[in-house]
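*Asks:* 167 is the number that this note's numbering gives to position 141 of the sequence shown; each next residue is one higher, with no gaps.
The beta-carbon is built from N, C-alpha and C at its ideal position, and this holds for glycine as well.
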Amino acid sequence: MLDVQGLSVRFDGADGVFVAVNNISFAINKGEIVGIAGESGSGKSLTALSLAGVLPETARAEGLIQLAGRKLRPGYAKDWQNVRGRLTGIVFQEPLTCLNPVINVGTQVSEVLRIHKSMSEKDAVAETLRIFAKLGLHPPKLRMRQYPHQLSGGQRQRVMLAIALCCQPPLIIADEPTTALDVTVQAQILLNLRNYIHETQASLLLITHDLGVMAYMADRILIMYAGRVVEEANADELFRKPAHPYTQLLLQSVPRIDRPLKRPVSWLMTPAQPKAGCEFAPRCTYRRSICTQQAPASLRLSGTWSVRCHI
Ligand code: ADP
Ligand code: MG
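See the structure below:
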């Protein structure tokens, strides 16, 4: 369904080039939920923006994205015409920045249907009512007439979901979609999303730093560190036996009620990107001399599992 080959995103800065996403490759099958986890600044959102064709103008991107049989080059605006909305639906963390404050939310959804699906106004309104009911926006008639500021955070995020899903795109990209919401609302929205994927056999790229959400949702997981995918595995493999020292650190830092916190991850520490060797070496407790000299290649542990480490 989706195939990403050699995606890189760079920024030119005063002190040289900053590589925010460093040559990553992955694929998502039909009906599959792939998660990306990793600490803040690891390049997750830029990966999402690349796949949505909405990178910042100052970014320089490389790589090839194949989506539903179409070849798309990140950064080439022309390639992405007619892709957004039709082939990809996007859900971001903060719906207020994406919704228009002066148009009622029903119109914001039905307009997408009229434009992308060429529906009549009557059909688009009927379909919007159906989607609102399905996504738990009750009562749908009242909700459709409301403006974003009249809705709760959870309801706004459901409207975003309605906009992303209404044209039934084959790929959904969700970047921290429920991070700002309280846990019960978060669980309901994730369930909506998961049901949609199972019903329509669409593909979902789900970005979250919450490993609990990841365990609940993802079939396969990519762990990113400093712009690279350092481990990729099926969710059960990764949670049972994380191979990369960084993945181990991430899993250990999930608070557990039944045991003391072993080693909290130092979230605030952002080491400068080392010139040679493994990006994680400065923080790695298993570091050997080769780790600071030579960048590790991707090592295959099984058909579905790979790790970038001098294990
Ligand atoms: P994540 O979503 O994993 O927290 P991002 O993908 O947003 O990380 O960002 C990755 C890195 O790229 C960060 O260090 C961030 O500061 C940098 N970055 C993101 N957007 C820009 C931009 N427009 N200009 C320069 N640097 C950026
Ligand atoms: Mg982000």
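1) Taking the alpha-carbon positions, what's the A252 to Q320 distance?
2) Hey, would you say the C-beta of S71 is under 6 Å away from at least one heavy atom of the ligand MG?
3) When you compare each of E88, G42, G39 to G10 by their alpha carbons, which one comes out closest?
4) Once you ignore the five residues that flank L98 on each side, which residues in its own chain have a CB closer than 6 Å to its CB?
5) Could you tell me whether any non-hydrogen atom of the ligand FAD is closer than 6 Å to the CB of F52?
6) Restricting to runs no shorter than 3 residues, where is the beta strand (DSSP E) found entirely within the region 217-250?
7) Given a cut-off of 7 Å on the beta-carbon distance, is the pair I215 and A74 in contact?
8) Would you say P121 touches the ligand ADP, meaning its beta carbon is less than 6 Å from a heavy atom?
9) Can you tell me whether A46 is buried or exposed, with buried defined as 16 or more other CB within 10 angstroms of its CB?
10) Would you call D201 buried or exposed, if buried means 16 or more other Cβ atoms sit within 10 Å of its Cβ?
11) Could you please give the first and the last residue of the uninterrupted beta strand (DSSP E) stretch that includes R97?
12) Taking C-alpha atoms, which residue in I50, R169, I249 lies nearest to R184?
13) With DSSP as the reference, label E257 as helix, strand or coil.
14) Taking the runs of the beta strand (DSSP E) that are 3 residues or longer, which of them lie wholly in the region 34-97?
15) My output table needs one value for Q183: the three-state DSSP class, helix, strand or coil.
16) Between which two residues does the alpha helix (DSSP H) containing D201 stretch?
17) Going by the beta-carbon positions, is the gap between P174 and P203 smaller than 7 Å?
18) In terms of residues, what are the limits of the alpha helix (DSSP H) holding G132?
19) Quick check: L18 and C192, are their CB atoms within less than 7 Å of each other?
20) Mind checking L294: buried by the 16 CB within 10 Å criterion, or exposed?
21) Classify I148: buried if its beta carbon has 16 or more other beta carbons within 10 angstroms, exposed otherwise.
22) Counting pairs of Cβ atoms below 8 Å between the region 222-237 and the region 60-80, do you hit three or more?
23) Mind checking whether the beta-carbon of S66 lies closer than 6 Å to any heavy atom of the ligand ADP?
24) Are there any heavy atoms of the ligand ADP lying less than 6 Å away from the beta-carbon of A87, as far as the coordinates show?
25) Would the beta-carbon of L28 fall within 7 Å of that of L248?
26) Would you check if the distance between the CB atom of S332 and the CB atom of E258 is smaller than 7 Å?
*Replies:* Result, derived from the coordinates:
1) Against the sequence shown, residue 252 aligns to sequence position 226. Against the sequence shown, residue 320 aligns to sequence position 294. Their Cα atoms are separated by approximately 16 Å.
2) Here residue 71 corresponds to residue number 45 of the sequence shown, with the count starting at 1. Because some heavy atom of the ligand MG lies under 6 Å away, the Cβ of S71 counts as near it: yes.
3) With the chain running from 27 to 337 in the structure shown, residue 10 is simply not present.
4) If you number the sequence shown from 1, residue 98 lands on position 72. Closer than 6 Å at the Cβ level, and outside the excluded window around L98, lie I91, D105.
5) With respect to the ligand FAD, the structure shown offers nothing to examine, as its ligands consist of the ligand ADP and the ligand MG.
6) Those beta strand (DSSP E) runs which fall completely within the region 217-250 and span 3+ residues are 229-233.
7) For the purposes of this step, residue 215 is identified with residue 189 of the sequence shown, where counting begins at 1. For the purposes of this step, residue 74 is identified with residue 48 of the sequence shown, where counting begins at 1. The answer is no: Cβ separation not under 7 Å.
8) For the purposes of this step, residue 121 is taken as the residue at position 95 of the sequence shown. False, no ligand heavy atom lies under 6 Å from that Cβ.
9) As a first step, residue 46 must be located in the sequence shown, where it is residue number 20. With at least 16 other beta carbons inside 10 angstroms of its own, A46 counts as buried.
10) Indexing the sequence shown from 1 puts residue 201 at position 175. That one is buried.
11) For the purposes of this step, residue 97 is taken as the residue at position 71 of the sequence shown. Per the sequence shown, residue 97 should be read as Lys rather than Arg. Element bounds for K97: 96-98.
12) The residue given as residue 184 occupies position 158 in the sequence shown. Considering only alpha carbons, the answer is R169.
13) Along the sequence shown, one-based indexing puts residue 257 at 231. Strand, per DSSP.
14) Runs of the beta strand (DSSP E) inside the region 34-97: 42-54, 59-63, 86-93.
15) As a working note, residue 183 is residue 157 in the sequence shown. Three-state DSSP puts Q183 in a helix.
16) Numbered from 1 along the sequence shown, position 175 holds the residue referred to as residue 201. D201 -> not in any alpha helix (DSSP H); beta strand (DSSP E) instead, spanning 197-201.
17) If you number the sequence shown from 1, residue 174 lands on position 148. If you number the sequence shown from 1, residue 203 lands on position 177. Not a contact, by the Cβ cut-off of 7 Å.
18) The residue labelled residue 132 in the question sits at position 106 within the sequence shown. First-last of the alpha helix (DSSP H) with G132: 131-143.
19) It is not possible to answer for residue 18, since the shown part of the chain is limited to 27 through 337.
20) Within the sequence shown, numbered from 1, the residue matching residue 294 stands at position 268. Annotation note: pLDDT 41 at L294 (below 50); position unreliable, coordinate value reported separately. Exposed, by the Cβ-count rule.
21) As a position in the sequence shown, residue 148 is number 122, starting the count at 1. Reading off the sequence shown, one finds Lys at residue 148, where the question assumed Ile. Burial call: exposed.
22) Between the region 222-237 and the region 60-80, the count of C-beta pairs closer than 8 Å reaches three or more; the two stretches touch.
23) For the purposes of this step, residue 66 is taken as the residue at position 40 of the sequence shown. Indeed, a heavy atom of the ligand ADP lies less than 6 Å from the Cβ.
24) Locating residue 87 in the sequence shown gives position 61, where the first residue counts as 1. Not one heavy atom of the ligand ADP lies closer than 6 Å to the C-beta of A87.
25) Against the sequence shown, residue 28 aligns to sequence position 2. Against the sequence shown, residue 248 aligns to sequence position 222. No, the pair does not count as a contact, with Cβ atoms beyond the cut-off.
26) Translated into positions along the sequence shown, residue 332 becomes position 306. Translated into positions along the sequence shown, residue 258 becomes position 232. Against a cut-off of 7 Å, the Cβ pair of E258 and S332 comes out as a contact.
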